[in-house]
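Read the structure below first, then the notes.
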Amino acid sequence: MTTLVQPVNDTKDPIIRDDLALNAPQKSLIMGGGIVGLMVLAYLLVTQHISQSLLLGIGLLLGYTLFHARFGFTSAFRRMMSVGNGQAMRSHMLMLAVAVTLFAPILAYGTTLFGGPVAGYVAPLGVSLVVGAFVFGIGMQLGGGCASGTLYAVGGGRSVMFITFIFFIVGATIGAYHLPFWTEEMPAYAPFSLATSTGLGYTGAWLVSLAIFGIIAWVTLVVEKRRNAPKMAPVPSESGWKRIFRGSWPLFAAAIVLALLNGLTLLTRGQPWGITSAFTLWGSKIASGFGMDVASWGYWQGANAAALEASIFADSTTVLNIGIIIGAFIASAAGGLFKFTKITAGNFAASVIGGLMMGYGARLAFGCNIGAYFGGIASFSLHGYIWGILAMAGTFLALYLRPLFGLSVPKSSDSVC
Numbered sequence: 002m003t004t005l006v007q008p009v010n011d012t013k014d015p016i017i018r019d020d021l022a023l024n025a026p027q028k029s030l031i032m033g034g035g036i037v038g039l040m041v042l043a044y045l046l047v048t049q050h051i052s053q054s055l056l057l058g059i060g061l062l063l064g065y066t067l068f069h070a071r072f073g074f075t076s077a078f079r080r081m082m083s084v085g086n087g088q089a090m091r092s093h094m095l096m097l098a099v100a101v102t103l104f105a106p107i108l109a110y111g112t113t114l115f116g117g118p119v120a121g122y123v124a125p126l127g128v129s130l131v132v133g134a135f136v137f138g139i140g141m142q143l144g145g146g147c148a149s150g151t152l153y154a155v156g157g158g159r160s161v162m163f164i165t166f167i168f169f170i171v172g173a174t175i176g177a178y179h180l181p182f183w184t185e186e187m188p189a190y191a192p193f194s195l196a197t198s199t200g201l202g203y204t205g206a207w208l209v210s211l212a213i214f215g216i217i218a219w220v221t222l223v224v225e226k227r228r229n230a231p232k233m234a235p236v237p238s239e240s241g242w243k244r245i246f247r248g249s250w251p252l253f254a255a256a257i258v259l260a261l262l263n264g265l266t267l268l269t270r271g272q273p274w275g276i277t278s279a280f281t282l283w284g285s286k287i288a289s290g291f292g293m294d295v296a297s298w299g300y301w302q303g304a305n306a307a308a309l310e311a312s313i314f315a316d317s318t319t320v321l322n323i324g325i326i327i328g329a330f331i332a333s334a335a336g337g338l339f340k341f342t343k344i345t346a347g348n349f350a351a352s353v354i355g356g357l358m359m360g361y362g363a364r365l366a367f368g369c370n371i372g373a374y375f376g377g378i379a380s381f382s383l384h385g386y387i388w389g390i391l392a393m394a395g396t397f398l399a400l401y402l403r404p405l406f407g408l409s410v411p412k413s414s415d416s417v418c
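So the sequence shown is numbered by my numbering: it starts at 2 and just counts up by one.
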């Protein structure tokens with residue numbers, strides 16, 4: 002008999018299959034989410050550039066897609082390291098392949114839809130990156146979700162993820178305070194782009210990237226065969242056209258949609274999709290409200306200073322994050338799945354520590370699973386690949402830490418991971 006691994010991503014342990022059975026649509030919640038979304042849209046249309054309204058719509062679609070596909074990074078890494086199942090990792094490679102195909106011409110052209118400059122995420126290679134990515138990898142396995150997973154789990158009503166979310170913000174704020182030490186006093190090499198640092202150009206870098214993704218996908222297949230890894234079971238879903246609105250979506254479909262939306266984000270605001278810079282902004286504004294001299298921090302000097310003084314609704318990453326939460330909320334209600342869940346003492350402690358580690362690690366590593374891993378690799382930056390390797394190493398260590406908080410460690414015969 003073939004053992005099946007349930008493809009549930011970035012949720013608190015233990016994972017309960019009944020949570021994923023589709024119920025009747027929660028129409029009042031869908032309406033409420035729609036009203037909130039329209040209110041935010043109206044405010045943005047009146048007070049901000051039109052690009053912010055477009056980004057809100059992109060965020061809604063991101064959240065809707067993430068939830069309906071249960072598309073995650075935390076469980077994909079954990080599943081690969083624990084039982085050797087690489088199906089979710091191969092969906093990552095598909096997502097990245099589509100993303101680089103879109104990013105290459107946009108970055109080469111260098112102009113947004115509104116005439117602004119375009120720049121990918123290309124970050125330095127140093128101790129800050131190594132430590133931050135490793136710490137983030139541990140944190141996401143304790144906190145129950147990565148950056149995107151935290152947002153869509155909050156939108157889906159998973160109570161303990163609110164704890165992770167709060168301490169994610171705290172950790173990102175502390176990381177911003179400490180960042181000058183890590184970036185100015187610790188060793189680092191200059192940013193390295195496969196496109197501009199090698200002479201390959203964007204066409205050559207695109208071909209090299211596709212080859213790398215193909216090799217990684219092949220390696221996951223080899224690992225699966227050698228470890229006789231369990232296969233992923235299908236998620237309960239609607240049939241026919243209702244599946245679009247109620248879920249669940251295949252991982253490959255979500256991978257393509259997420260890549261398309263990231264390309265549209267780049268084309269709209271001139272930067273790829275990101276999440277955690279907004280957490281730093283929110284935390285810093287709150288700290289400033291309590292009297293801390295946040296404006297004197299090194300992180301908030303130069304180009305970042307304006308964001309600290311402006312409304313959070315002027316921050317494009319904030320608008321994307323709001324959209325993701327609302328989109329996930331509507332998606333969960335459409336599937337009849339929105340409900341608050343019980344928080345155990347172990348889950349609470351793991352969420353506090355995991356949230357702090359993710360926030361701190363993301364700030365040190367110049368991003369999270371979205372900004373550094375997805376956005377970095379899609380931007381042809383070497384730091385994105387290094388981030389993925391170190392986060393995977395952190396995941397491996399976290400498998401030994403999870404039992405300390407009452408969290409399970411997947412075994413080769415487990416039906417869920």
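Backbone N, C-alpha and C define an ideal beta-carbon position, used for all residues, glycine too.
Keep in mind the model is a prediction, meaning the values are calculated, not measured.
Asked	Found
Leaving out five residues on either side along the sequence, give the residues of the same chain with a beta carbon under 8 Å from the beta carbon of N86.	V6, R80, E225, A230, P231, K232, M233 and C418
Closer than 6 Å by C-beta to L103: which residues in its own chain qualify, once you throw out the five before and the five after it? Chain order, please.	G264
Is the Cβ-Cβ distance between G290 and H69 less than 8 Å?	no
Per DSSP, what kind of secondary structure is T112 in: helix, strand or coil?	strand
From this set, W388, I167, L95 and L67, which residue's C-alpha is nearest F253's C-alpha?	L95
Quick one: is G121 buried, meaning 16 or more other Cβ sit within 10 Å of its Cβ, or exposed?	buried
Short check: CB of M393 to CB of G73, under 8 Å?	no
Quickly, what does DSSP pair A189 with across the bridge? List them, please.	G127
For S382, list the residues DSSP reports as bridge partners.	S194
Does DSSP classify P404 as helix, strand or coil?	helix
Does the distance from the C-beta atom of L143 to that of A351 stay below 8 Å?	yes
Taking DSSP's pairing of strands, which residues face P118 in a bridge?	T112
I need the straight-line Cα distance from W250 to M40, nearest angstrom please.	28 Å
In the DSSP assignment, find the alpha helix (DSSP H) that holds K243 and state where it starts and stops.	K243 to R247
What is the C-beta distance between G176 and G355, in whole angstroms, given that I count them as a contact (C-beta under 8 Å)?	The Cβ separation is near 14 Å, so there is no contact.
Would you check if the distance between the CB atom of G347 and the CB atom of F406 is smaller than 8 Å?	yes
Going straight from the alpha carbon of I217 to that of P188, what length do you get?	29 Å
With 16 as the cutoff for other CB atoms within 10 Å, does N24 come out buried or exposed?	exposed
Taking 8 Å as the threshold (C-beta atoms), are T277 and A148 in contact?	yes
Is the region 355-368 touching the region 159-171, taking contact as three or more C-beta pairs under 8 Å?	yes
Of all the options A100, W301 and C369, which has the alpha carbon lying nearest to the alpha carbon of L211?	A100
Provide the residue span of the alpha helix (DSSP H) that contains R71, from first to last.	That residue, R71, is in no alpha helix (DSSP H); it is neither H nor E in DSSP.
Rounded to whole angstroms, what is the Cα-Cα separation between M141 and L97?	21 Å
Would the region 179-188 count as touching the region 296-305 if we require 3 or more Cβ pairs under 8 Å?	yes
Contact check, A363 vs D316 under 8 Å by CB: the rounded distance?	Not confirmed; about 16 Å, so no contact.
Taking R71 as the reference, give the member of I51, S52, L57 and S92 with the closest Cα.	S92
Pick helix, strand or coil for H50, following the three-state DSSP scheme.	coil
Would you grab the beta carbon distance between I107 and L267 for me? Rounded to a whole angstrom, and I think it's under 8 Å.	5 Å
Does DSSP put V320 in a helix, in a strand, or in coil?	helix
Who are the Cβ neighbours of W207 in its own chain at under 6 Å, not counting the five residues just before and after it?	V101 and A105
With H, G and I counted as helix, E and B as strand and the rest as coil, what does DSSP make of V295?	helix
Between the Cα of Y374 and those of G275, A334 and G324, spot the shortest distance and give me the residue it belongs to.	G275
Report the CB separation of S160 from F341 in whole angstroms; it is logged as a contact under 8 Å.	5 Å
Name the residue from Q88, I36 and L61 whose alpha carbon lies nearest to the alpha carbon of V223.	Q88
Taking the alpha-carbon positions, what's the L46 to G377 distance?	30 Å
Any beta carbon from chain B within less than 8 Å of H179's own beta carbon?	The chain inventory of the structure shown lacks chain B, comprising one protein chain alone.
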